[in-house]
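Below is one structure, written out as structure tokens; comments come after it.
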Amino acid sequence: MRFLIVGAGAIGGYFGGRLIQKGEDVTFFVRPSKKSRLKEKALIVKSVHGNFHTPIRAITNGEAVEPFDCIIVAVKAYHLHQLQFNLEPYIGEHTMILPLLNGYEHFDSLRKQFGPEKVLGGLCYIETTLDHDGSVVQTSPFHRIVFGEWNGGQSERTQILLNHLDHAGFTVTQSQDIQREVWQKYIFVASLSGITTLMDASVGTILATAESRAIYEKLLHEMVTLARNAGMPIDSELEAHTLKTMDSLRPEMMSSMQRDMLKKLPIEASHLHGSLLALAAGSHDAYPILETVYARLKVYESLLDTI
């Protein structure tokens with residue numbers, strides 16, 4: 008199976024690098040400047056599961072190569088719109104597209120452009136970032152991909168894909184109800200990023216402080232209620248499950264959005280929190296904590312434009 012990993016950042020670099028270690032046929036789709044850096048320094052991963060350093064094969068927009076069997080999209084949501092057009096030449100009749108972005112609306116965008124039959128449901132659980140020299144730094148025990156057919160069930164192609172992703176140094180699960188899994192991750196990430204950026208503190212400090220923990224629980228309740236009211240596949244236990252997951256995190260953990268803000272980088276406010284609020288458009292329901300989170304993030308974005 009020929010893989011194209013779109014993005015060689017924290018997520019794409021990690022999972023793509025592990026697949027190379029296994030011996031899979033992997034190519035990265037990157038910007039020209041990133042291609043030059045990778046050619047000079049190769050791909051460096053520093054992980055609690057073992058460090059490695061490997062040369063990689065990379066292409067940039069416009070390079071002519073044959074279509075790929077599986078395209079794993081591992082970029083920030085704000086890069087996706089232009090990338091969708093750039094990927095057209097690399098998608099063949101039987102290409103599978105596996106997005107690992109946070110959120111939900113990108114599935115509709117990809118399905119609309121490439122056809123619903125090409126786009127799988129997918130997500131990942133991993134705590135990873137890039138350090139000052141571009142190395143991938145992965146710092147927690149979990150490094151997991153979950154994927155499946157968008158409409159549920161199993162298929163021959165997802166079983167084949169599972170065989171190639173499995174035993175590559177990370178955990179992989181094939182889901183028969185991937186939309187439910189996507190929303191479980193969406194609520195977790197949106198609430199985690201929302202509260203950590205609002206409070207400008209780590210998870211442990213927020214949850215150990217009675218006042219901020221109460222705000223987090225209200226934020227989580229608003230998100231779950233909003234999604235359920237919009238008809239999304241929300242489990243009855245999602246709120247309790249998410250809170251339990253938050254309590255299990257390392258106290259010093261920060262959200263990736265929080266780390267991006269510390270680095271003065273763009274963030275996915277519209278894709279995560281804005282998209283949630285858009286689901287409530289036209290209703291008379293109020294979600295004051297979520298609205299406050301989104302306003303805080305939009306203020307950051309407006310200030311970022313002036314830097």
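Residue numbers for the sequence shown follow our numbering, so the first one is 8 and each next one is one higher. Ideal Cβ positions, reconstructed from N, Cα and C, are used throughout, including at glycine. Predicted model only: the values in this text are computed from it and were never measured.
Under the rule that 16 or more other beta-carbon atoms within 10 Å means buried, what is asparagine 109, buried or exposed? buried
In the stretch 74-147, which residue ranges form an unbroken alpha helix (DSSP H) of at least 4 residues, counting only runs that do not cross its ends? DSSP runs (the alpha helix (DSSP H)) wholly in the stretch 74-147: 87-93, 112-121.
Compute the Euclidean distance between the alpha carbons of serine 116 and leucine 105, then round it to the nearest angstrom. 13 Å
Rounded to a whole number of angstroms, what is the C-alpha to C-alpha distance between threonine 204 and glycine 211? 14 Å
Do the stretch 209-225 and the stretch 245-260 meet, that is, are 3 or more Cβ pairs less than 8 Å apart? yes
Whole angstroms are fine: how far does the CA of glycine 160 sit from the CA of serine 200? 31 Å
Since serine 54 sits in a beta bridge, which residues does DSSP pair it with? Gln145
Does leucine 11 come out as helix, strand or coil in the three-state DSSP assignment? strand
How big is the Cα-Cα spacing for threonine 102 and arginine 25? 21 Å
Three-state secondary structure (DSSP) at arginine 257? coil
CB-CB under 6 Å to isoleucine 51, same chain, minus the five flanking residues each way: which ones, in chain order? His60, Ser142
Just the C-alpha distance for histidine 291 and isoleucine 12, rounded to the nearest angstrom, thanks. 42 Å
For valine 126, which residues in the same chain have their Cβ closer than 6 Å to its Cβ, ignoring the five residues on either side in sequence? Taken in chain order, the residues that qualify are Ile104, Leu117, Arg118.
Relative to the C-alpha of serine 263, which residue among Gly30, Asn68, Thr135 is closest? Thr135
Name the DSSP bridge partner or partners of histidine 194? One detail in the question is off: residue 194 reads as isoleucine in this sequence, not histidine. Looking at the DSSP assignment, isoleucine 194 forms no beta bridge with any residue, so it has no partner.
Restricting to Cα atoms, I'd like to know which of Pro295, Glu244, Ala217 is closest to tryptophan 190. For tryptophan 190, the nearest C-alpha among the options comes from Glu244.
Local Cβ density within 10 Å of lysine 42, reported as buried at 16 or more and exposed below that: Around the CB of lysine 42, 16 or more other CB atoms lie within 10 Å, so the residue is classed as buried.
Express the C-alpha separation of alanine 17 and glycine 129 in angstroms, rounding to a whole number. 17 Å
Could you check the C-alpha separation between glutamine 186 and tyrosine 193 for me, to the nearest Å? 10 Å
If you pair each beta-carbon of the stretch 28-40 with each one of the stretch 146-158, do three or more pairs fall below 8 Å? no
Collapsed DSSP secondary structure at glycine 19 in the structure displayed: helix
Taking the C-alpha atoms as reference points, what is the distance between alanine 175 and glycine 57? 13 Å
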